[in-house]
């Protein structure tokens, strides 16, 4: 919980202006969209190449956990194989163990279904992570005195700085009566601190 105190000068972290934070969030969003577009482009090229090839290469791509295909393109590749049986891997019964023979005859159809389930779980996990890290809005520090707040820095260390009444900060989320605030430190990442609801008000 934040408390009123006078900080040491060497511990102060100057908060950026709201416009600067908004510009950085916009730049981060543009970079994320560009990265997603690049991944989709690489996946589409790989899918087109696989569709021109035979079923064996498609089954191998679906079974490969390191494949660059996106979940959507995996679904399209799987749809192209409906009604086709996976080629059996040639294993000599005279030299192979019973386990190797059984494994070579295991249908490949189980693998694509498992991969689709893993892909769906990964998408849900990414969505929850994005929701957890997306600011819920802006808040303004209230009161008449500056607050001394401990910030958790990106490297895990802690530093204290003052929260001056009237300053605006991105609010990540509420945890009961405590608001989680975020501060961008250039070249280092995001720092977070916890401030009581009594010291915060909607800044928009």
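Residue numbers (my numbering): 2 to 205. Note that beta-carbon positions come from the ideal geometry of N, C-alpha and C, so glycine has one too.
Quick check on this structure: which residue in 164, 75, 63, 199 has the alpha carbon closest to the alpha carbon of residue 179?
Nearest option by C-alpha distance: 199.
Please state whether the Cβ-Cβ distance between residue 145 and residue 166 is less than 8 angstroms.
In this structure, residue 166 lies closer than 8 angstroms to residue 145 by Cβ.
Could you tell me if residue 196 is buried or exposed, where buried requires 16 or more neighbouring beta carbons within 10 angstroms of its beta carbon?
When all chains shown are included, residue 196 counts as buried.
Short of 7 angstroms in beta carbon distance, which residues of its chain neighbour residue 159, apart from the five on each side in sequence? Order them along the chain.
Cβ neighbours of residue 159 beyond the five flanking positions: 151, 152, 153.
From which residue to which residue does the alpha helix (DSSP H) around residue 77 run?
Start and end: 72-80.
Would you list, in sequence order, the uninterrupted beta strand (DSSP E) runs of no fewer than 3 residues that lie entirely inside the segment 36-75?
Runs found: none.
Considering residue 160, what are the terminal residues of the beta strand (DSSP E) in which it resides?
Start and end: 159-164.
Kindly list the residues whose CB is nearer than 8 angstroms to the CB of residue 203, restricted to its own chain and excluding five residues on each side of it in sequence; keep chain order.
Same-chain partners within the cutoff: 138, 139, 140, 141.
Looking at the structure shown, is residue 83 part of a helix, part of a strand, or coil, going by DSSP?
Coil, per DSSP.
To the nearest angstrom, how far is it from the Cα of residue 56 to the Cα of residue 69?
Approximately 18 angstroms between the Cα atoms of the pair.
Between residue 186 and residue 163, which are expected to be in contact by the criterion C-beta below 8 angstroms, what is the C-beta distance as a whole number of angstroms?
Their Cβ separation, rounded to whole angstroms, is 16 angstroms, which puts residue 186 and residue 163 out of contact at 8 angstroms.
Closer than 8 angstroms by C-beta to residue 62: which residues in its own chain qualify, once you throw out the five before and the five after it? Chain order, please.
Hits under 8 angstroms: 47, 51, 68, 70, 78.
Count the other CB atoms within 10 Å of the CB of residue 44; is the residue buried (16 or more) or exposed (fewer)?
The residue is buried, with at least 16 neighbouring Cβ atoms inside 10 Å.
Let me know the secondary structure DSSP gives residue 147 once reduced to three states.
In the structure shown, residue 147 sits in coil (DSSP, three-state: anything other than H, G, I, E or B).
What is the rounded straight-line gap between the Cα of residue 59 and the Cα of residue 82?
So the alpha carbons of these two residues sit roughly 8 angstroms apart.
Give a yes or no on whether 8 angstroms exceeds the smallest Cβ distance from residue 38 to chain C.
In the displayed structure, chain C is absent; only one protein chain is listed.
Is it buried or exposed for residue 75, if we count other Cβ within 10 angstroms and need 16 for buried?
The residue in question, residue 75, is buried, as its Cβ has 16 or more Cβ neighbours within 10 Å.
From the DSSP output, read off the bridge partner residues of residue 153.
DSSP lists 159, 193 as partners of residue 153.
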